[in-house]
Structures are given as C-alpha cells and as structure tokens.
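Let me begin by presenting the structure, written as structure tokens, before commenting on it.
There are 2 protein chains.
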Amino acid sequence: MARRILKFSILGLLSKQDMSGYDITIEFTKAIGQFWSAKHSQIYVELKKLLDEDSISQYIEMAGVKLEKKMYCLTTKGKEELQKWVLELDDSVETEKDIFALKLYFLKDIPKQEIHSLFNNQLQLREKKLFNLQKQFSFLFGNQQNPIYLDSEELGHYLVLTKAISREENYISWLNGSLDLIKKAEDSLT
Amino acid sequence: MARRILKFSILGLLSKQDMSGYDITIEFTKAIGQFWSAKHSQIYVELKKLLDEDSISQYIEMAGVKLEKKMYCLTTKGKEELQKWVLELDDSVETEKDIFALKLYFLKDIPKQEIHSLFNNQLQLREKKLFNLQKQFSFLFGNQQNPIYLDSEELGHYLVLTKAISREENYISWLNGSLDLIKKAEDSLT
DNA sequence: TCCAACATGTAACAAGTTACATGATTTG
DNA sequence: CAAATCATGTAACTTGTTACATGTTGGA
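From first to last, the protein sequence lines stand for chains A and B. Note that the working numbering has the first sequence beginning at 1, numbered continuously upward. Note that the working numbering has the second sequence beginning at 191, numbered continuously upward.
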C-alpha cells in the first residue's frame, strides 16, 4: 500500500483541534501548506475514507440556522496511527520536485535575454513568498528572540515557519548568485 | 489539460541527445533526478504517447545480436514545444512537499528522546546526499573555480548541481540549528 | 555458468487536478 | 440585495507507484 501522506497530514491537523473539511482546506493555504497541500475535492474524499476506516469520527455543528458543518475528530485508532507515523524513521529522501530548476537543466539554445527574464520572474515570486512568510512569522512570534520558551504546541509551528523562511532565503540567494554568474559569463565573451 | 511535466522533462533530456527509455530512467537517478523523477513504467507509457503525438520519433539500435534498443529523438514539433515551455514564465510556485517538515508540525506529545532520533536520522540522510552531490560536482567541474567559461551545454548542469548542493547545505544547517534550539529549550526546563 | 546490469513492457491501483454542481451565511 | 466567503460534494481525467512479466548481454 502507498504512503498515504494526505491521510497523516489530516490526522495531524485533527490532532491539534477538531476541524471540518473546509477548515482543513484553509489550513493547507497556511503554514503547513509550505510542505504539503491538497484540494478540497481530494480532502472530502479522504475524510470519508478515514471515517470508514475508523481513524476519525464525525459530529455535526450548526453554522447558522440550516448549515450543517461536519466536524471531525481523531479516534483512539487515529491517534495511534498518527503517533506511529510521526516516529517512523525514513530510510531515504524523496525527490523534491522543482520545475524551475528542471527548466534550467535545459537552458541550452535559450537567448540570454530570455534567461534573465526567467530568473527575474522567479526572483519576484520567491521574494513575494518570503515576504509573506516573514509577515506570518512576526505576527506569530513577534520580536520574541527566545524561542526556547515556546511550549510544545507552538514549537512545531515555529520550526515549520523557520524552515520555510530559510528555504526561501536560500533559494533567493542562489538565484542572485546564478544570475550574476550568467551575466559575468556573457561579459567575458565580449 | 494538466501540466505534463514528465513530457517536458523527457523532451528536455532528448534535446541533449537521443536516448532510449532505459537511458531516460537512468538520467532520473542522476543530476536531474534532484528536481524531477519517474519510474520506468511511467516513462515507457509516456514515450508511446509522445510518439503518437509526433513530439518524438523512434529508431532501432541493435545492442548485441538480438536486443533492439528503441532510441528516441525530438521532432521539429517536439523541439518547438520544449522551447515554448522553457520560456514560459510561472505566475506562482507550487508546494514543495517535504514529509519531514510536515511531521515536525505535529510534534506535540512526542518525547524529546524521539525528537532527537528524528533529527539525527534526517541529518544522516541529508549529509549522505550532500556528500554524493559534492562528489558529482567535483567529478564534473573539478577545482575549476571559473564557471564563467562554461559553455551553454555545461551551464545547465552546473546550475542544477549548485542548486541541489545549496539546498542540502541549507537543509542541514537548519536541522542543526533546530536541534540545538530544542536541546536548549529542554535544558531551560530543568 | 551465473549474476548483475541492460532493456522493455503491462495491469491494477493510489493520488492528485480540474471542472461541474449546489446551497447558506455574512458583509458592505 | 449583491458579492464574497463559507460549506460540501461528485465525475472525469491525469499522474504516479507497485507489482508482475519477460528476455538479452557482458563480465567474473
């Protein structure tokens, strides 16, 4: 059987608090969405499956007068499965797919003007993303320079955000370095 | 229609030189496999599709006496499609999935002993990967400190490898920093 | 002569995307 | 009262994985 990452990311989210399918969809647009995501169409199907398998249970919460919000919470089985999965040690790392880097491998025959556009476009996207992550970070952790006082609930959030920020900073710095290099290579041909 | 990244990564590889399905499978275990990969079962199916669509053409090369190796090369259509795809500017970056980071978000209730194991295991995997990338890099580019003299064929390879190395270095440094932080947080509780 | 690597494929299934479909609630 | 957001779902399709299946070639 496959790895069912979506299953475990839903169980993980539900371990923090009860949620509806809609809530889970929203969560994937926030911090955790930096490392895993799914569309609502996939989420509703997976929730039904997890319910069938007794990893979660369901109850109804009224939102307004007629709108029934389906809330989900972990069962004992679900809690155990999650715990077990988190503690499992990986024996290899999967390919971290990156379409921009993939394209670079095929740069041959591309005019330098176009290469500059590609890099500048990517820089813009990455800087925007970094800016948003930093905004999230300072909203949550402010100026607080001592993350050692975070409780275990906040720690996960802190680690994930610093990871995402560090990843983007590194991406941007590599983009800048590579663009410089390409420009220098062009100059050396004149 | 979907984005067909596998299609374009195959076209990209074939733009460098004619290859068989087997050759393409092997390529995905090398540099380019850091950013995209696929199993042979998927590759053979995709090649048949690309042949149908006239993006590639096929010829036979005898390997030994009876073994017919099916070689593929780009058609004019395939070359144009590739060129167009490489030059397209993205308007957003997709989620860069990372299961280890995902797990960290769900750390609550995990004993510190186990957290150390998770980090140390990941450090080991990442360091091994970095070592292999550095080996590849020095094999290809040696001590040569002046990448500005690379021709456009080598440039793509250089960029992809430095990207992968930089990504791993950043990952490792974030792992070390976070592990330190967690240890300090534990000490502060005594 | 055996084994690893070369070489190509299919079938069944799981995972993920896009589009279609509907209705309630809140806010300006 | 209109529009944005909340809320849930299904259908058709694409993409990706695992397992099954077979045969060749080169080297120790």
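All residues carry an ideal CB built from backbone N, CA and C; glycine is no exception. Source: prediction; values computed, not measured.
Check the Cβ-Cβ distances between residue i and every residue of chain A, and say whether any is below 9 Å.
i              : result
R194 (chain B) : no
H347 (chain B) : yes
F329 (chain B) : no
F198 (chain B) : yes
Y339 (chain B) : yes
G367 (chain B) : yes
I216 (chain B) : no
L371 (chain B) : yes
S245 (chain B) : no
Anything in chain A within Cβ reach of residue i, meaning under 9 Å, just list it in chain order.
i              : result
I233 (chain B) : Chain A residues near I233 (chain B): none, gap ~14 Å exceeds 9 Å.
E271 (chain B) : By Cβ distance, chain A contributes nothing, its closest Cβ being about 12 Å from E271 (chain B), past 9 Å.
S205 (chain B) : F106, K108, D109
Give me the chain A residues within the contact set of residue i, using Cβ-Cβ distance strictly less than 8 Å, ordered along the chain.
i              : result
D280 (chain B) : I99, F100, N121, Q122, L125
K319 (chain B) : V93
Compare the C-beta of residue i against all C-beta atoms of chain B and say whether one is closer than 9 Å.
i              : result
S188 (chain A) : yes
Q136 (chain A) : no
E61 (chain A)  : no
Find the residues of chain B that neighbour residue i, judging by a C-beta separation of less than 8 Å, and give them in chain order.
i             : result
I32 (chain A) : L292, Y295
K70 (chain A) : Ordered by position in chain B, no residue passes the 8 Å Cβ test against K70 (chain A), which lies about 22 Å from the chain.
E96 (chain A) : Q224, F225, E286, K287, D288, R357
Using a C-beta to C-beta distance shorter than 9 Å, which residues of chain B count as neighbours of residue i?
i              : result
S117 (chain A) : L277, L279
E114 (chain A) : V276, L277
Would you mind telling me which residues of chain B sit closer than 7 Å to residue i, beta carbon to beta carbon, in chain order?
i              : result
G12 (chain A)  : Y295, F296
S160 (chain A) : Correcting the residue type first, residue 160 (chain A) is Val in the shown sequence and not Ser. What V160 (chain A) touches in chain B: A291, L294, Y295.
Note down, in chain order, each residue of its chain lying with its Cβ closer than 6 Å to the Cβ of residue i, except the 5 sequence neighbours on either side.
i              : result
L313 (chain B) : L365
L50 (chain A)  : I56
L340 (chain B) : Y348
P147 (chain A) : Y158
D85 (chain A)  : In the sequence as presented, Asp is not what sits at residue 85 (chain A); that position holds Trp. Same-chain partners within the cutoff: F8.
Y44 (chain A)  : G21
Taking only three categories from DSSP, how would you classify residue i?
i              : result
I300 (chain B) : coil
A63 (chain A)  : strand
K69 (chain A)  : strand
L264 (chain B) : strand
D180 (chain A) : helix
D96 (chain A)  : The question names Asp, yet the displayed sequence has Glu at residue 96 (chain A). Three-state result, E96 (chain A): coil.
L102 (chain A) : helix
N336 (chain B) : coil
S138 (chain A) : helix
S152 (chain A) : helix
E278 (chain B) : coil
S188 (chain A) : coil
Near residue i, which residues of its chain fall below 8 Å by C-beta distance, leaving aside the five closest residues on each side in sequence?
i              : result
M19 (chain A)  : L13, E27, M71, Y72
M62 (chain A)  : E68, K69
H40 (chain A)  : G21, Y22, T25
K112 (chain A) : I182, E186
L323 (chain B) : Q224, L351, A354, I355, E358
W226 (chain B) : I195, L196, S199, F218
K129 (chain A) : E168
List, in chain order, every chain A residue whose beta-carbon is nearer than 7 Å to that of residue i.
i              : result
S342 (chain B) : L107, K108
S356 (chain B) : N170, W174
K374 (chain B) : I148
K353 (chain B) : A101, W174
Among the residues of its own chain, which have a CB less than 7 Å from the CB of residue i, if the five just before and after it don't count?
i              : result
F327 (chain B) : L351, I355
K267 (chain B) : D244, S245
A228 (chain B) : L196, F218
Original post:
Which ranges would you report for the alpha helix (DSSP H) in the region 191 to 253 of chain B if only whole runs of at least 4 residues count?
Top reply: 195 to 206, 211 to 217, 230 to 242
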